[in-house]
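Using the working numbering, you'd call the opening residue of the sequence shown number 4 and step up by one each time.
Notes for the one structure printed next.
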Amino acid sequence: ACARVFDVILPGQWLDPGPLGCLGVGAPFAIAAQHLYPDKKVLIINGDGAFGLNGFEFDTAVRFNLPIVSIVGNDAGWGNIRVIQQQMMGEDRVIATSLAPTRYDKIVEAFGGYGELVENPADIRPALERAFASGKPACINVTLDPKGLAKTAPNMAYIM
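As structure tokens, then:
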């Protein structure tokens, strides 16, 4: 979905695991990009499930002083899986899609990075500015409404 929002005009500005995605590649991609381009700002946009798979790579980013910044869309669940289950089987048959409402920002702070919780969309830009200004690896943990997820992406239609 992010690829439809951002204008990528030059090669090397966007790393994408492909149309079906690959959960957890954000932090490793960002670490590599920041290492190769130390003077550029590197931003990861991922969900809480994806962050949970490789979020501990922020320890690597702190140790190597790589100031990557992550926005974590935290809906406390496997949102894409939940939507598919709702569409295929109905709301009352959704299983195994809930996650704890984890403070991922606190995890990054524990590694020595910068973290901030955002609960209002208007606060995202100022939080990002503070994160980049910190000069540290950072996590902006944005709380989302679990029921607010958009319809499944067109490339997932074949699953139905």
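Idealized CB from N, CA, C, for every residue including glycine.
Counting of Cβ neighbours within 10 angstroms places Gln16 among the exposed residues, the total staying below 16.
For Ile143, the uninterrupted beta strand (DSSP E) run begins and ends at 141–146, by DSSP.
For Asn57, the secondary structure class from DSSP, reduced to helix, strand or coil, is helix. Classified as exposed, Ser101 has fewer than 16 neighbouring CB atoms from the shown chains inside 10 Å of its CB.
In this structure, the alpha-carbon of Met91 lies about 10 Å from that of Arg85.
If you ignore the 5 residues before and after Glu122, its C-beta comes within less than 6 Å of the C-beta of Thr146, all in its own chain and listed in chain order.
If you draw a straight line from the Cα of Val11 to the Cα of Gly116, it comes to about 28 Å. Residue pairing by DSSP places Leu120 opposite Asn144 in a beta bridge. By the Cβ neighbour-count rule, Ala113 is exposed, with fewer than 16 other Cβ atoms within 10 Å of its own.
Asn83 is the residue among Tyr107, Lys109, Arg106, Asn83 whose C-alpha sits nearest the C-alpha of Val97. Per the coordinates, the alpha-carbon of His38 lies some 12 Å from the alpha-carbon of Pro140.
Distance from the CA of Gly80 to the CA of Asp19, rounded to the nearest whole angstrom, comes to 22 Å. Residue pairing by DSSP places Ser73 opposite Ile47, Cys142 in a beta bridge.
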